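In terms of the working numbering, the sequence shown opens at residue 2 and continues consecutively.
Comments concern the structure below.
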Amino acid sequence: MADRPYDSPDLATTPGDRAWFLSSRVQDYRGEARVNLLRLVAIAAFYLIELASHHGVSLGPLAIPAAGDRAFHAAATALAAGWVSLAAAVQLGLGRGILPAALKYVTTGLDVVLLTALLMIADGPRSPLVAGYFLILAASAMRFRLSLVWFATAGVMAGYAWLQGWALWLEPHRDVRVPRYHQLIVLTALGLCGIIQGQVIRRVRAMVVENAARLAATPGATDPTGGGLP
């Protein structure tokens, strides 16, 4: 079942289509707000790890030795500040009821760009921060838009592919390349993760449409969810 983001409920001609329109519009706002909160949590969590790595932390068997790379710490701090500014701008807009249809694509695209930039100043495709691409994919599904999941999937795969070319041609003096099988495993996992997220959204939409059709066929029945998703 294709993702058809109707511009208005008048274009949704069936009860199922109308129910999906109402549910997806509710999730546009709720999903963006939740993703933005998680964006801030992720930035704070990863930056705290960076601070611990930069200064060193003595926790017995869990001790983190000091890395002491001032240039990387300064660049990571600047990127974190830019990312927080993005989250603050989104929160300000949502607080004022501003929710353009393109917002979720813009924020997802900027997440990919900022993460890729962070990886470029770190260890490139060898960095464990590559796991952040999977977080971006997971967050895309929280808006319940199939087109956004495909956009995010293409974005993170392109970002990871860019890292490979950057490590090979632009930074050949740095030992940050990974074996070909490693690249293929990560790219395959990213693609499959996007497919799985898309299937989840298709199943959610099918449940909304089926529920709306059942309610429409039952005189006097009301939707206990109020047309929205939990």
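All C-beta atoms, glycine included, are put in the ideal place defined by N, C-alpha and C.
Computed from a prediction, not measured in an experiment: that's the story for all the values here.
What is the rounded straight-line gap between the Cα of Tyr161 and the Cα of Thr109? 15 Å
Our contact map puts Arg203 next to Leu147 with C-beta atoms below 8 Å; I'd like the distance itself, whole angstroms only. 7 Å
Which of helix, strand or coil DSSP assigns to Ile99: coil
Sequence ranges, beta strand (DSSP E) only - wholly within the segment 8-92, length at least 3: none
Take the Cβ of Tyr182 as the centre, count every other Cβ of all protein chains shown within 10 Å, and call the residue buried at 16 or more, exposed below. exposed
Unbroken stretches of the beta strand (DSSP E), 3 residues or longer, contained in the segment 124-173: none
Counting Cβ pairs, one atom from each stretch, are 3 or more of them under 8 Å apart for the segment 56-66 and the segment 161-176? no
State whether the segment 93-104 contacts the segment 33-51, with contact taken as three or more CB pairs (one from each stretch) at a distance under 8 Å. yes
Test item: CB-CB of Phe73 and Ile122 under 8 Å: yes
Can you check whether the CB of Leu130 is closer than 8 Å to the CB of Ala88? no
For Tyr134 and Val114, believed in contact at Cβ under 8 Å, the rounded distance: In fact, because the Cβ distance is near 12 Å, the residues do not count as touching under 8 Å.
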